[in-house]
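Q: The numbering used here puts the first residue of the sequence shown at 69, with every later residue one more than the last.
The beta-carbon is built from N, C-alpha and C at its ideal position, and this holds for glycine as well.
Computed from a predicted structure; not experimentally measured.
Handing you this structure, nothing more for now.
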Amino acid sequence: VLLLTRYGSGAATVGAMWAVMGVTGIIAGALAGRMDSEGREVWFIAVGAAVSVVAMGCMLVAATVGGGVPMVAAGMAVFGIANGPFDIGLFSLRQRATAPAWMGRAFAVSMSLNFVGLPVGSALAGPIVDHSAGAAFALALSASALGGVAAVALLRPVRQRRVSGAEYN
69 VLLLTRYGSG AATVGAMWAV MGVTGIIAGA LAGRMDSEGR EVWFIAVGAA
119 VSVVAMGCML VAATVGGGVP MVAAGMAVFG IANGPFDIGL FSLRQRATAP
169 AWMGRAFAVS MSLNFVGLPV GSALAGPIVD HSAGAAFALA LSASALGGVA
219 AVALLRPVRQ RRVSGAEYN
C-alpha cells in the first residue's frame, strides 16, 4: 500500500521488495541456523523482535518522513534479517519442548495457527492503513517491541530432554 499510494510504484517494485525480504530472510536463517541455540532460544526470539523494531522504524520513516523506495527496501531487508534468528529460536524452542511422539501434530497445529494470523492481522491492519500508513507501522513497531519483551518475560529455555523422552524440563 505504501509503495503503490505514496510512492506511485507498481507491482514490480512491490514484488522486488518481497524478494528483498525473502533473500535476506534466507541468508539470516542460514546464518542463525549454524549457531547453537540450545538454551538460548528465547534470546534468538528477542533479538528477532528487536531487529523487527528497527525494520518497522524504517517503514515508519518511509511512511511519514520520506526516503522513498530505498527506505522501504531497507525496512524489508532488515525485516528479512529479523526473521532468521526469530524463526530459529521459535522452532528450536518448539522442537525441544515437544515430545517426539507429538512432534508432527504439534507443528501442524502450530503452523496452522501461525498462518491463521495472517488474514486476521490483515483484517485488523486494513482500516488502520486506510486511515494512516504511519499509524499502521507505529502499531507494528509497538507490537514487535512488546513481543520481544513478552518473550523474555514469559518464555523459558528448554535446556535438556529427559532420557525417557516423555517429559521435558
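(1) How would you label V146, buried or exposed, when you count the other beta carbons within 10 angstroms and need 16 or more for buried?
(2) Am I right that L70 and A201 are in contact with their C-beta atoms under 8 angstroms? What's the rounded C-beta distance?
(3) Quick one, are the C-beta atoms of S105 and I156 less than 7 angstroms apart?
(4) Decide if the segment 110-130 is in contact with the segment 203-223; the criterion is three or more beta carbon pairs, one per stretch, under 8 angstroms apart.
(5) Could you tell me which of V137, A176, V122 and G152 sits nearest to G101, measuring between CA atoms?
(6) Taking one C-beta from the segment 123-137 and one from the segment 74-91 each time, how about it: are there three or more such pairs within less than 8 angstroms?
(7) Just to confirm, is the Cβ distance from V220 to M144 under 7 angstroms?
(8) Which first and last residues belong to the alpha helix (DSSP H) in which T247 is found?
(9) Could you round the C-beta distance between R162 and F175 to whole angstroms and report it? I think they count as a contact, below 8 angstroms.
(10) Please list, in chain order, all residues of the same chain as L158 whose beta carbon is under 7 angstroms from its beta carbon, the five residues on each side excluded.
(11) Assign S210 to buried or exposed, taking buried as 16 or more other Cβ atoms, counted over all protein chains shown, within 10 Å of its Cβ.
(12) Work out the CA separation of P168 and G90 for me, nearest whole Å.
(13) Determine, using beta carbons only, whether S178 and E109 come nearer to each other than 7 angstroms.
(14) For chain D, find out if any of its Cβ atoms is closer than 7 angstroms to the Cβ of G202; answer yes or no.
A: For this structure:
(1) By the 10 Å Cβ count, V146 comes out buried.
(2) So it is a contact: roughly 5 angstroms between Cβ atoms.
(3) Yes.
(4) Judged by pairs of C-beta atoms under 8 angstroms, the segment 110-130 touches the segment 203-223, as three or more such pairs exist.
(5) With distances taken between Cα atoms, G101 lies closest to G152.
(6) Three or more beta-carbon pairs separated by less than 8 angstroms link the segment 123-137 to the segment 74-91, which places the two stretches in contact.
(7) Contact: no.
(8) The first residue shown for the chain is 69 and the last is 237, placing residue 247 beyond what the model contains.
(9) 7 angstroms between Cβ atoms; contact.
(10) Correct list, in chain order: I113.
(11) The residue in question, S210, is exposed, as its Cβ has fewer than 16 Cβ neighbours within 10 Å.
(12) Using only the alpha carbons, I get a separation of about 30 angstroms.
(13) Cβ atoms of S178 and E109: not closer than 7 angstroms.
(14) As a matter of chain content, chain D is missing from the structure shown, which is built from one protein chain.
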